[in-house]
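Engineer:
Residue numbers (my numbering): 53 to 219.
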């Protein structure tokens, strides 16, 4: 754990990018949930040919919204039932398709922006580590280079920095 915090201090200067990265990743997850998972209640109401089922949903009245799964599904079923009666199933289906397209676009945009803001963190931290390693090798005594093979030194430095970058 001590090594992790040692590497983390190189990321400390890029906290603004980190906050943006986390924000856009959370938004990407939220849009992912709404893009595909919420289709089933929509399509269930749209393609049900039983007018009694739609009438029963509307007769219950507008449900109280809650953040539980059942509360969200009941609210969506009620809204879709009312909209399909008022505007017709075709118009509701078009609106749902547009909603899905917009949420998928926003999900991918947020995902891209999350990766975009992660890039300066990765490249900046690796650059800082490489600069520190370079300065360290410049200040080593010449006796160190006579005892160690040059290829081993370069290989260890390159591999260690690459390991940090990929983690």
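Ideal Cβ placement from N, Cα and C applies to all residues, glycine included.
1. Do residue 137 and residue 106 have their C-beta atoms within less than 9 Å of each other?
2. Would you please state the rounded distance, in angstroms, between the beta carbons of residue 76 and residue 176? I believe it to be under 8 Å.
3. Report the residue ranges of all alpha helix (DSSP H) runs contained in full by the region 182-209; include only those spanning at least 4 residues, in chain order.
4. Does the beta-carbon distance from residue 129 to residue 109 come in below 9 Å?
5. Between which two residues does the alpha helix (DSSP H) harbouring residue 133 extend?
6. Given residue 213, which residues of its chain have a CB within under 8 Å of its CB, disregarding the five upstream and five downstream residues?
7. Should residue 204 be labelled buried (16 or more other beta-carbon atoms within 10 Å of its own) or exposed?
8. What's the C-alpha gap between residue 133 and residue 162?
9. Quick check on the burial criterion: 16 or more other C-beta atoms within 10 angstroms. Buried or exposed for residue 114?
10. DSSP three-state label for residue 69, please.
11. Taking its Cβ as the centre, do 16 or more other Cβ atoms sit within 10 Å of residue 37, making it buried, or is it exposed?
12. Under the three-state reduction of DSSP, which class applies to residue 81: helix, strand or coil?
13. Taking Cβ to Cβ, would you say residue 169 is nearer than 9 Å to residue 58?
14. Between the Cα of residue 171 and the Cα atoms of 142, 217, 209, which residue gives the shortest distance?
15. Assuming residue 155 contacts residue 87 under a Cβ cut-off of 8 Å, what Cβ separation, rounded to an integer in Å, is found between them?
Structural biologist: Result, derived from the coordinates:
1. As a position in the chain shown, residue 137 is number 85, starting the count at 1. As a position in the chain shown, residue 106 is number 54, starting the count at 1. Yes, the pair counts as a contact, with Cβ atoms nearer than the cut-off.
2. Working through the chain shown from its first residue, we reach residue 76 at position 24. Working through the chain shown from its first residue, we reach residue 176 at position 124. So it is not a contact: roughly 18 Å between Cβ atoms.
3. 194-199
4. What you label residue 129 is simply residue 77 of the chain shown in a count that begins at 1. What you label residue 109 is simply residue 57 of the chain shown in a count that begins at 1. A contact, by the Cβ cut-off of 9 Å.
5. Working through the chain shown from its first residue, we reach residue 133 at position 81. Note, residue 133: alpha helix (DSSP H), 121-139.
6. By 1-based counting over the chain shown, the position of residue 213 is 161. The residues are 178, 181, 182, 185.
7. For the purposes of this step, residue 204 is taken as residue 152 along the chain shown, with counting starting at 1. It is exposed - the Cβ of residue 204 has fewer than 16 other Cβ atoms within 10 Å.
8. The residue labelled residue 133 in the question sits at position 81 within the chain shown. The residue labelled residue 162 in the question sits at position 110 within the chain shown. Rounded to the nearest angstrom, the two C-alpha atoms are 31 Å apart.
9. Translated into the one-based positions of the chain shown, residue 114 becomes position 62. Looking at its Cβ environment, which holds fewer than 16 other Cβ atoms inside 10 Å, residue 114 is exposed.
10. Looking up residue 69 in the chain shown gives position 17. Residue state, collapsed to three classes: helix.
11. No answer is possible for residue 37: it lies beyond the span of the chain, which begins at 53 and ends at 219.
12. What you label residue 81 is simply residue 29 of the chain shown in a count that begins at 1. It is helical.
13. For the purposes of this step, residue 169 is taken as the residue at position 117 of the chain shown. For the purposes of this step, residue 58 is taken as the residue at position 6 of the chain shown. Taking 9 Å as the Cβ cut-off, residue 169 and residue 58 do not qualify as a contacting pair.
14. Taking the first residue of the chain shown as 1, we reach residue 171 at position 119. Ranking the options by Cα distance to residue 171, first place goes to 217.
15. Position 103 of the chain shown, counting from 1, holds the residue named residue 155. Position 35 of the chain shown, counting from 1, holds the residue named residue 87. Their Cβ separation, rounded to whole angstroms, is 4 Å, which keeps residue 155 and residue 87 in contact under 8 Å.
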